[in-house]
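Take a look at the structure below.
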Amino acid sequence: MQIRKSADIAQEELCSFSEHAQLSLSQIETLNVFDRPSFDESVLAGYDSLWVGGASDANVLQPDDYPFVIDAQKLLLHCCEKGLPVFASCFGFQLAVLALGGSIIESEGEFEMGTIPISLSNSAAKDTLLKDIPEPFLAVSVHKQKAVELPQGCELLAYTEQCVHGIKVKNKPFWAFQFHPEINKSTLVQRLTFYKNCYTENESQLEHVIASARETPESNSLMKKFVDRVLLC
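Residues 1 to 233 in full-length UniProt numbering are what the sequence shown spells out, letter by letter.
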């Protein structure tokens, strides 16, 4: 599931998912909710999993402006109920939190932007995807909304001082991350440059974030682990 207005960014995101999951483009079918804002669980027929990307053109707290937010939450809840594997990133994480009965709030003041260290919970040591990830690890995070409490029925996997960053639905193959497992250093630079008017106040701030960007191999490894340890298990 994609939430992208720009065709160029949509293609870049698709290629990033393909690269880090080590899946061919022919193995991935996209549903861009800006092109198709109304849908139901029938879109999942014949597929092995649901992957959800990020968004810089929408807000999960504004369903009146972005009507696909409601159907997207219903789709995620359907996956959870049926046990269809889910891997959700950033906006997908926020959709999942809301679908599972949690809450998302607007960040007040400064928000996370760039390459940041992520801490792991005790539960992560036994998690299928995170059990061999070092703590802390670096990941790309750019978001103005956040979750500060865990939805019921979920395990906390990752966090920062500001917010929850990783959850798994208990006894379900359902993972969601506020950070971007699909974005590496070079993609972060491209993405922030494209969306600079959305996230940065001036060129100086943009240059500072870009200069502090780092590679994020541990974060980027999660998608292939999802394929190997969940989908192919």
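Heads up, the beta-carbon is just placed ideally off N, CA and C, and yes, glycines get one too. Predicted model, so just to flag it, every value in this text is computed and none were measured.
Item checked: Same chain, Cβ closer than 8 Å to Phe-170, neighbours up to 5 away in sequence not counted -> The residue labelled residue 170 in the question sits at position 170 within the sequence shown. Residue identity differs from the one stated: residue 170 is Lys in this sequence, not Phe. So the qualifying residues of the chain are Gly-153, Cys-154 and Glu-155.
Note to self: According to DSSP, is Glu-13 part of a helix, a strand, or is it coil?
What the structure shows: Here residue 13 refers to the residue found at position 13 of the sequence shown. Helix.
Checklist line | Extent of the continuous alpha helix (DSSP H) run through Lys-82 | finding: Along the sequence shown, read from residue 1 onward, the residue named residue 82 stands at position 82. It spans 68 to 82 - the alpha helix (DSSP H) in which Lys-82 sits, taken as one unbroken run.
Margin query: What does the Cβ neighbour count give for Ile-9, buried or exposed, with the cut at 16 atoms within 10 Å?
Written below: As a working mapping, residue 9 is identified with position 9 in the sequence shown. Buried is the call here.
Notebook entry, point to check: Does DSSP put Lys-126 in a helix, in a strand, or in coil?
Noted result: Numbered from its first residue, the sequence shown carries residue 126 at position 126. Helix.
Next item on the list: Can you give me the start and stop residues for the beta strand (DSSP E) that Thr-115 sits inside?
Entry: Position 115 of the sequence shown, counted from the start, is the residue given in the question as residue 115. It spans 113 to 120 - the beta strand (DSSP E) in which Thr-115 sits, taken as one unbroken run.
Next item on the list: Flag this pair as touching only if the region 109 to 125 and the region 73 to 80 have three or more C-beta atom pairs under 8 Å; answer yes or no.
Entry: no
Check: What is the C-beta distance between Ala-158 and Ala-124, in whole angstroms, given that I count them as a contact (C-beta under 8 Å)?
Finding: Translated into positions along the sequence shown, residue 158 becomes position 158. Translated into positions along the sequence shown, residue 124 becomes position 124. With 8 Å as the limit, Ala-158 and Ala-124 qualify as a contact, their Cβ atoms being about 7 Å apart.
Note to self: Can you tell me which residues form a DSSP beta bridge with Gln-145?
What the structure shows: By 1-based counting over the sequence shown, the position of residue 145 is 145. In the DSSP output, where bridge partners are listed per residue, Gln-145 has Glu-106.
Check: Exposed or buried, which one is Ser-219 when buried takes at least 16 other CB atoms within 10 Å?
Finding: Your numbering for residue 219 matches position 219 in the sequence shown. Its Cβ being crowded by 16 or more others within 10 Å, Ser-219 is buried.
Next item on the list: Pick out whichever of Lys-168, Arg-191 and Ser-186 has its Cα sitting closest to the Cα of Thr-128.
Entry: Along the sequence shown, read from residue 1 onward, the residue named residue 128 stands at position 128. Nearest of Lys-168, Arg-191 and Ser-186 to Thr-128, Cα basis: Lys-168.
Item checked: Member of Arg-4, Ser-221 and Cys-233 whose CA lies at the smallest distance from the CA of Leu-130 -> By one-based count along the sequence shown, residue 130 stands at place 130. The shortest Cα separation from Leu-130 among Arg-4, Ser-221 and Cys-233 belongs to Ser-221.
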